[in-house]
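Just so it is clear: in the sequence shown, position 24 is 27 by our numbering, and no numbers are missing. Just so you know, even glycine gets a beta-carbon here, dropped at the ideal spot from N, CA and C. Each remark here refers to the structure printed beneath this line.
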Amino acid sequence: MTQVAIDGPASSGKSSVGTRVAAELGYGFLDTGLLYRAVTRAALDAGAKLDGLASADKLSTAQIEQVVQLAHLTDVDLESGGASIIVDDRNFAASELESEAVERAVAAVAAVADVRAALRTIQREIAMRGGVVLAGRDIGTVVYPEARHKFFLDASAEARALRRALQRGYAAGSAEHHEALRSLVARDQEDRTRAVAPLRAADDAQVILTDDLGLTDVVELIVRQVRR
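And the structure:
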């Protein structure tokens with residue numbers, strides 16, 4: 004069986020699409036962003052002062068050493084249609100990884116080169132098993148450029164912010180909606196300009212603009228392409 008790489012910026016629908024694509028194909032699914040969130044959550048729980056850090060250059064040497072050590076203690080239990088993330092023998096529930104504290108700090112942690120290297124090893128091991136959908140920001144460019152099928156989901160920051168707000172139960176135009184937009188714009192800037200594995204579409208990836216597409220439309224497009 005083959006590998007399907009789905010990349011794209013934050014809130015572009017990678018996880019929702021990837022989960023359904025994996026289910027349709029009978030593949031495993033790994034949202035690689037959860038690895039970085041789990042390392043960030045574990046560091047916060049261990050007392051690291053990461054709140055509000057915008058980039059890796061704001062991390063102290065001690066903080067970098069801590070998150071790198073946690074990255075090396077990270078493992079994945081791949082399940083049918085999903086995965087369980089384990090850091091230092093602690094199994095993290097998805098709800099623990101979606102907090103505002105994690106959201107504010109994960110970009111800085113993800114920009115640390117040694118963290119990315121450690122987690123990239125795990126992702127490659129899973130990809131090489133085959134029969135898996137991996138969603139992230141650099142699967143097709145860095146983690147597993149050998150993937151047979153590569154897709155890059157994209158949408159405007161405004162469309163993505165509205166989706167995020169509505170998914171979290173906030174109204175369009177609310178303060179939370181505006182904060183989601185601000186956060187996404189900042190995260191996009193960090194992801195696209197970082198020195199290590201910047202966010203971009205692989206040269207041979209199929210770019211899918213999702214502003215005006217529903218979830219089912221995107222899933223059907225990808226599944227059809229893979230089966231072809």
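Here Leu-76 has Val-90, Asp-91 as same chain residues with Cβ atoms under 7 Å from its own Cβ, once five neighbours each way along the sequence are excluded. For Val-135, there is no enclosing alpha helix (DSSP H); the residue is part of the beta strand (DSSP E) that begins and ends at 135 to 139. Note on geometry: alpha-carbon atoms of Gln-69 and Ala-51 lie some 8 Å from one another. Sequence-distant Cβ neighbours of Arg-123 in its own chain, meaning closer than 6 Å and more than five residues away, are Val-146.
Beta-bridge partners of Gln-209 (DSSP): Phe-154. Judged by DSSP secondary structure, Leu-33 falls within the beta strand (DSSP E) whose first and last residues are 31 to 34. The beta carbons of Tyr-30 and Gly-139 sit no closer together than 7 Å. In the DSSP assignment, Arg-185 falls within the unbroken alpha helix (DSSP H) covering 178 to 196. Shown here for Tyr-39: same chain residues with a beta carbon closer than 8 Å to its own, the five before and five after excluded, namely Val-109, Val-112, Ala-113, Val-118, Leu-122 in chain order. Beta bridge pairing from DSSP links Ala-86 with Leu-81.
Taken through DSSP and simplified to helix, strand or coil, Asp-10 comes out as strand. By the Cβ-count criterion, Thr-144 is buried, with 16 or more other Cβ atoms from all chains shown falling within 10 Å of its own Cβ. The Cβ atoms of Ser-19 and Arg-163 do not sit closer than 7 Å to each other. C-alpha of Arg-227 to C-alpha of Gly-11: approximately 20 Å in a straight line.
Just so you know, the alpha carbons of Ala-175 and Leu-218 end up roughly 19 Å apart. Judged by DSSP in its simplified three-state form, Arg-93 adopts strand. Bounds of the alpha helix (DSSP H) holding Asp-220 are 218 to 230. About 7 Å separates the CB atoms of Val-222 and Glu-27; that is less than 8 Å, so the two are in contact.
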